[in-house]
Each structure stands twice: as structure tokens, then as C-alpha cells.
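*Asks:* What the sequence shown shows, in my numbering, is residues 18 to 115, in sequence order. Ideal placement from N, C-alpha and C gives every residue a C-beta, glycine not left out.
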Amino acid sequence: MMENQEVLSLPTLSLHKFMKKNERKPATEEPKFTNVYVKNMDEDLTEDLLQEKFSKFGKTCSVVIMKNNDGKSRGFELANFKSSEVAQKAVHATQGAF
Numbered sequence: 018m019m020e021n022q023e024v025l026s027l028p029t030l031s032l033h034k035f036m037k038k039n040e041r042k043p044a045t046e047e048p049k050f051t052n053v054y055v056k057n058m059d060e061d062l063t064e065d066l067l068q069e070k071f072s073k074f075g076k077t078c079s080v081v082i083m084k085n086n087d088g089k090s091r092g093f094e095l096a097n098f099k100s101s102e103v104a105q106k107a108v109h110a111t112q113g114a115f
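#1: Would DSSP call Phe71 helix, strand or coil?
#2: When we look at the beta-carbon of Val81 and count the other beta-carbons within 10 Å, is it buried (16 or more) or exposed?
#3: Can you give me the Cβ contacts of Phe93 inside the same chain, cut-off strictly under 7 angstroms, excluding the 5 residues immediately before and after it?
#4: In terms of residue numbering, what span does the alpha helix (DSSP H) encompassing Thr16 cover?
#5: Going by other Cβ atoms of all chains shown within 10 Å of its Cβ, with 16 needed for buried, is Leu66 buried or exposed?
#6: Tell me which residues share the same chain as Lys42 and place their Cβ nearer than 8 angstroms to its Cβ, disregarding the 5 neighbours each side in the sequence.
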């Protein structure tokens, strides 16, 4: 038996029948998501201001500006919305708005 063995946790595999590209059904639904990544933010934006702007579209669970060790904005933030519909509405309505 080898020393220092590590147990790897591998993801569960999902097997499906092979289908040719022309036999596949197109994805008609938009992807479902509740987390939104906002990049290229102005340094003067605050979490409170972003929370206020995003709450116009529905319930947000959290809004966090990512900061460096000095407490300055790293230029991006993460927002988590209560539902996928609210997140999609916010993304579509705020493209390039901040």
C-alpha cells in the first residue's frame, strides 16, 4: 500500500445515447441563473447603491463588491437574486447602465 494516498472526489457521470448534431433538439430556453457577475464597475459605486438599483427588478439576496486588501474595489461585484426571472430581468435591463 502506498503512503500519502489521496482520495479523489470525482463528479457523478451522466451517460446519454449519442445523437448526431442534426438529430439534437435545439435549446429553446434561456439558461436559469440567480447569480450575476458585474464587471468594469466605477470605483465610486457602493453596495448600497447597487442594492437599490437591482431591487427595482425584484428581490435580491445579496450584493457584494469584491475588494482588495486595501479595501478598494477590484472593479467587479457579485449579485444574487431570489429567482432566475428577476436575475434575467436585471441583466437585460442594465446592460451597460453602470
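*Replies:* On the basis of the data shown:
#1: Sequence index remark: in the sequence shown, residue 71 carries index 54 (1-based). Phe71 falls in the helix class under three-state DSSP.
#2: Position 64 of the sequence shown holds residue 81. Under this definition Val81 is an exposed residue.
#3: To locate residue 93, count along the sequence shown from 1; it is residue 76. For Phe93, where only same-chain residues beyond five positions count, the Cβ hits under 7 angstroms are Tyr54, Val55, Lys56, Met58, Met83.
#4: Only positions 18 to 115 of the chain appear in this structure, which leaves residue 16 out of reach.
#5: The residue labelled residue 66 in the question sits at position 49 within the sequence shown. It counts as exposed.
#6: For the purposes of this step, residue 42 is taken as the residue at position 25 of the sequence shown. Once the five neighbours on either side are set aside, Lys42 has no close Cβ partner at all.
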